[in-house]
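Chemist: Handing you this structure, nothing more for now.
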Amino acid sequence: MTRRAINFVTHRYGNARNLMLRKIGQPYDAFPSAIRMLLAPKMAQPTQSKQWLTNQDGVDKIYQGEAAIPQPGEKEVLVKIHTVSLNYRDTEVCDGGYNHHKSIGGENKALVPGSDMCGTVVKAGPGASLKEGQRVLSIFLQTHQTGQVQESDMASGMGLPLEGVLQEYRVFPDTALVTVPDYLSNEEAATLPIAGTTAFMAMNWMQPMGKPISNPETTVLFQMQGTGGVSISGLQIAKACGLKAIVTSSSDEKLEKARELGADYTINYKKFPKWSEKAMEFTMGKGVDIILECGGAQTVRQSFDSIAFGGLISSIGYLSGKQDTESDALNINVLALRRNVTLKGHINGPKDRFEEMLQLYAQKEIHPVVDQVFSFDETKDAMQYLAKGGHFGKVVIKIA
Numbered sequence: 009m010t011r012r013a014i015n016f017v018t019h020r021y022g023n024a025r026n027l028m029l030r031k032i033g034q035p036y037d038a039f040p041s042a043i044r045m046l047l048a049p050k051m052a053q054p055t056q057s058k059q060w061l062t063n064q065d066g067v068d069k070i071y072q073g074e075a076a077i078p079q080p081g082e083k084e085v086l087v088k089i090h091t092v093s094l095n096y097r098d099t100e101v102c103d104g105g106y107n108h109h110k111s112i113g114g115e116n117k118a119l120v121p122g123s124d125m126c127g128t129v130v131k132a133g134p135g136a137s138l139k140e141g142q143r144v145l146s147i148f149l150q151t152h153q154t155g156q157v158q159e160s161d162m163a164s165g166m167g168l169p170l171e172g173v174l175q176e177y178r179v180f181p182d183t184a185l186v187t188v189p190d191y192l193s194n195e196e197a198a199t200l201p202i203a204g205t206t207a208f209m210a211m212n213w214m215q216p217m218g219k220p221i222s223n224p225e226t227t228v229l230f231q232m233q234g235t236g237g238v239s240i241s242g243l244q245i246a247k248a249c250g251l252k253a254i255v256t257s258s259s260d261e262k263l264e265k266a267r268e269l270g271a272d273y274t275i276n277y278k279k280f281p282k283w284s285e286k287a288m289e290f291t292m293g294k295g296v297d298i299i300l301e302c303g304g305a306q307t308v309r310q311s312f313d314s315i316a317f318g319g320l321i322s323s324i325g326y327l328s329g330k331q332d333t334e335s336d337a338l339n340i341n342v343l344a345l346r347r348n349v350t351l352k353g354h355i356n357g358p359k360d361r362f363e364e365m366l367q368l369y370a371q372k373e374i375h376p377v378v379d380q381v382f383s384f385d386e387t388k389d390a391m392q393y394l395a396k397g398g399h400f401g402k403v404v405i406k407i408a
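Sequential numbering of the sequence shown, starting at 9, is according to our numbering.
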């Protein structure tokens with residue numbers, strides 16, 4: 009039934025909804041959503057989009073603004089954003105500290121922060137491959153479609169240097185989005201673009217497409233320092249694939265929650281500063297096959313001390329700092345040669361591997377861990393809550 013037909017019926021008989029109730033005897037809510045949308049009275053479309061902005065001068069100085077809702081061009085879509093999940097990177101951007109990639113620079117002008125969102129396509133431009141009504145997720149680096157990330161891809165980073173997703177509406181190239189598995193809520197889905205994809209790539213970047221590691225003899229160590237977002241995602245992926253998992257944290261409460269998610273071994277690195285020795289003990293002296301190294305300067309030495317021969321250390325963060333102290337100075341060359349180790353930095357992953365990860369999530373019905381949901385107006389509180397690092401799982405902002 010077309011909108012024109014509905015309008016004719018409404019004009020002639022008064023109200024299409026009442027007509028259908030009278031003629032068919034079915035409640036309005038019983039009809040499919042597409043029919044309900046046609047029957048709903050026309051409402052004026054919004055022209056302005058609320059957004060949060062930063063001058064990159066502090067999390068406590070972010071502020072709200074408005075901008076005209078843009079229209080999608082060729083092969084673009086307009087997305088109504090429902091939820092945004094926060095990453096440690098977002099607090100760095102707002103503080104002006106995300107400056108370790110030379111392709112990201114320029115003035116600290118007003119910028120919409122945030123990179124991870126779940127939304128719905130509300131308008132498709134000419135030739136777009138996505139259609140109205142589809143739920144979608146953003147890709148962190150919009151031009152990174154396949155293979156190894158290139159330096160030029162860094163210029164397409166969401167939330168710096170490109171405007172981010174802490175706003176009600178945003179236009180995206182259709183290639184910069186992926187569709188959402190039906191079983192995931194908007195809050196769960198929004199957690200995956202950075203945390204989920206980075207964790208998946210940290211374990212599987214050397215694996216052929218469609219064949220994630222599933223050897224039950226493989227042991228993965230997750231450093232749950234600070235936010236733990238990537239580590240928690242990695243733990244869920246590892247256990248869904250049948251791997252052994254060791255988790256380190258300074259919090260017994262977090263370690264208990266990690267065990268509830270399936271962690272085989274846990275280490276409180278405050279109680280056991282030489283946590284590498286415990287990791288070697290748990291692996292019967294063999295060492296850990298894969299380490300998600302998010303600590304940085306103060307943890308990487310122990311990662312080398314606990315890695316298995318031929319193992320992989322995936323560098324995904326630097327929560328303990330970006331610079332070695334004099335006492336922490338390492339001879340990486342010797343450490344890598346000693347155990348035939350691969351040390352690999354990870355900046356998220358390409359679109360095709362993101363889609364592969366989503367297929368795994370759907371197959372295993374993995375539900376991401378959401379710590380707390382804030383309203384759009386509470387975004388500053390959410391950022392400050394994230395910066396304190398006391399949460400377990402992802403911090404999500406609900407926009408609509």
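Idealized CB from N, CA, C, for every residue including glycine.
Remember, it's a predicted structure, so these values are computed and weren't measured experimentally.
Rounded to a whole number of angstroms, what is the C-alpha to C-alpha distance between asparagine 194 and leucine 251?
Modeler: Indexing the sequence shown from 1 puts residue 194 at position 186. Indexing the sequence shown from 1 puts residue 251 at position 243. If you take the alpha carbons of asparagine 194 and leucine 251, they lie about 28 Å apart.
Chemist: Looking only at C-alpha atoms, which of Gly104, Arg346, Tyr106 and Ser93 sits nearest to threonine 387?
Modeler: Start at 1 with the first residue of the sequence shown, and residue 387 comes out as number 379. Checked all of Gly104, Arg346, Tyr106 and Ser93; the closest Cα to threonine 387 is Ser93.
Chemist: At a cut of 8 Å, does the stretch 165-181 reach the stretch 209-216 through at least three beta carbon pairs?
Modeler: no
Chemist: In angstroms, rounded to a whole number, what distance separates the CA positions of serine 383 and isoleucine 407?
Modeler: Start at 1 with the first residue of the sequence shown, and residue 383 comes out as number 375. Start at 1 with the first residue of the sequence shown, and residue 407 comes out as number 399. Distance between the alpha carbons of serine 383 and isoleucine 407 is about 6 Å.
Chemist: Kindly indicate which three-state DSSP category isoleucine 245 falls into: helix, strand or coil?
Modeler: What you label residue 245 is simply residue 237 of the sequence shown in a count that begins at 1. Shown here, isoleucine 245 sits in a helix according to DSSP, grouped into three states.
Chemist: Report the residue from Asp313, Met365 and Lys359 whose alpha carbon sits nearest the alpha carbon of arginine 346.
Modeler: Locating residue 346 in the sequence shown gives position 338, where the first residue counts as 1. Among Asp313, Met365 and Lys359, the Cα nearest to that of arginine 346 is on Asp313.
Chemist: Starting from asparagine 276, follow its DSSP beta bridges and name the residues at the other end.
Modeler: Translated into positions along the sequence shown, residue 276 becomes position 268. According to DSSP, which records beta bridges pairwise, asparagine 276 is partnered with Ser257.
Chemist: Would glutamate 457 and histidine 375 qualify as a contact pair, given that the criterion is a beta-carbon distance under 7 Å?
Modeler: Outside the shown range of the chain, which is 9 to 408, sits residue 457, and nothing can be said about it.
Chemist: Does the stretch 74-85 come within contact of the stretch 120-140, defined as at least 3 CB pairs closer than 8 Å?
Modeler: Judged by Cβ distances under 8 Å, the stretch 74-85 makes contact with the stretch 120-140, as three or more pairs qualify.
Chemist: Could you spell out where the beta strand (DSSP E) holding isoleucine 89 opens and where it closes?
Modeler: Taking the sequence shown and counting its residues from 1, the one referred to as residue 89 is at position 81. Run containing isoleucine 89: 84-93, per the beta strand (DSSP E) assignment.
Chemist: According to DSSP, is serine 164 helix, strand or coil?
Modeler: Within the sequence shown, residue 164 is the residue found at index 156, counting from 1. Serine 164: helix per DSSP, three-state reduction.
Chemist: Using DSSP with H/G/I as helix, E/B as strand and the rest coil, what is lysine 406?
Modeler: Against the sequence shown, residue 406 aligns to sequence position 398. Three-state result, lysine 406: strand.
Chemist: Sorted by chain position, which residues of the same chain lie with C-beta nearer than 8 Å to leucine 269's C-beta, five sequence neighbours on each side aside?
Modeler: As a working note, residue 269 is residue 261 in the sequence shown. Closer than 8 Å at Cβ, skipping near neighbours: Ile240, Leu243, Gln244, Lys247 and Val377.
Chemist: Could you give the residue range of the alpha helix (DSSP H) that holds glutamate 225?
Modeler: In the sequence shown, counting from the first residue as 1, residue 225 sits at position 217. Glutamate 225 -> no alpha helix (DSSP H), and no H or E assigned at all.
Chemist: Consult DSSP for leucine 394 and reduce its assignment to one of helix, strand or coil.
Modeler: Translated into the one-based positions of the sequence shown, residue 394 becomes position 386. Three-state result, leucine 394: helix.
Chemist: Is the Cβ of isoleucine 70 closer than 7 Å to any Cβ of chain C?
Modeler: Here there is only one protein chain, and chain C is not present.
Chemist: Could you say if the stretch 197-214 and the stretch 362-374 meet the contact criterion of at least three C-beta pairs nearer than 8 Å?
Modeler: yes
Chemist: Can you tell me which residues form a DSSP beta bridge with tyrosine 106?
Modeler: The residue labelled residue 106 in the question sits at position 98 within the sequence shown. Looking at the DSSP assignment, tyrosine 106 forms no beta bridge with any residue, so it has no partner.
Chemist: Can the beta-carbon of leucine 149 be found less than 7 Å from the beta-carbon of serine 164?
Modeler: Taking the sequence shown and counting its residues from 1, one reaches residue 149 at position 141. Taking the sequence shown and counting its residues from 1, one reaches residue 164 at position 156. Yes, they are a contact pair.
Chemist: Would you identify the three-state DSSP class for leucine 145, choosing helix, strand or coil?
Modeler: Position 137 of the sequence shown holds residue 145. Three-state DSSP puts leucine 145 in a strand.
Chemist: What residues are listed by DSSP as bridge partners for lysine 131?
Modeler: Here residue 131 refers to the residue found at position 123 when the sequence shown is read from its first residue. The partner list for lysine 131 (beta bridge, DSSP) reads Leu86.
Chemist: Tell me whether proline 224 is buried or exposed, calling it buried when 16 or more other Cβ atoms sit within 10 Å of its Cβ.
Modeler: Counting from 1 along the sequence shown, the entry for residue 224 is found at position 216. Looking at its Cβ environment, which holds fewer than 16 other Cβ atoms inside 10 Å, proline 224 is exposed.
Chemist: How long is the line joining the alpha carbons of cysteine 302 and methionine 209, rounded to whole angstroms?
Modeler: Walking along the sequence shown from the start, residue 302 turns up at place 294. Walking along the sequence shown from the start, residue 209 turns up at place 201. Computed Cα separation, rounded: 14 Å.
Chemist: Let's see if you can read the secondary structure: which residues bound the beta strand (DSSP E) around valine 308?
Modeler: Your numbering for residue 308 matches position 300 in the sequence shown. Here valine 308 belongs to no beta strand (DSSP E); instead the alpha helix (DSSP H) covers 308-314.
Chemist: Can you tell me where the alpha helix (DSSP H) with aspartate 360 in it begins and where it stops?
Modeler: Reading the sequence shown from its first residue, position 352 is the one you call residue 360. Counting along the chain, the alpha helix (DSSP H) containing aspartate 360 begins and ends at 359-372.
Chemist: Where does asparagine 341 land, buried or exposed, given buried means 16+ other C-beta within 10 angstroms?
Modeler: Mapped onto the sequence shown, residue 341 falls at position 333. By the neighbour-count rule (16 or more Cβ atoms within 10 Å), asparagine 341 is not buried but exposed.
Chemist: Here's the rule: buried if 16 or more other CB atoms are within 10 angstroms of the residue's CB, otherwise exposed. What is methionine 232?
Modeler: As a working mapping, residue 232 is identified with position 224 in the sequence shown. That one is buried.
Chemist: Using the rule of at least 16 other Cβ atoms within 10 Å of the residue's Cβ for burial, across every protein chain shown, is tyrosine 273 buried or exposed?
Modeler: Position 265 of the sequence shown, counted from the start, is the residue given in the question as residue 273. Its Cβ being crowded by 16 or more others within 10 Å, tyrosine 273 is buried.
Chemist: Taking the alpha carbon of tyrosine 71 as the point to measure from, which residue in Asp385, Ser57 and Lys402 has its own alpha carbon closest?
Modeler: The residue given as residue 71 occupies position 63 in the sequence shown. Here the closest residue by C-alpha is Asp385.
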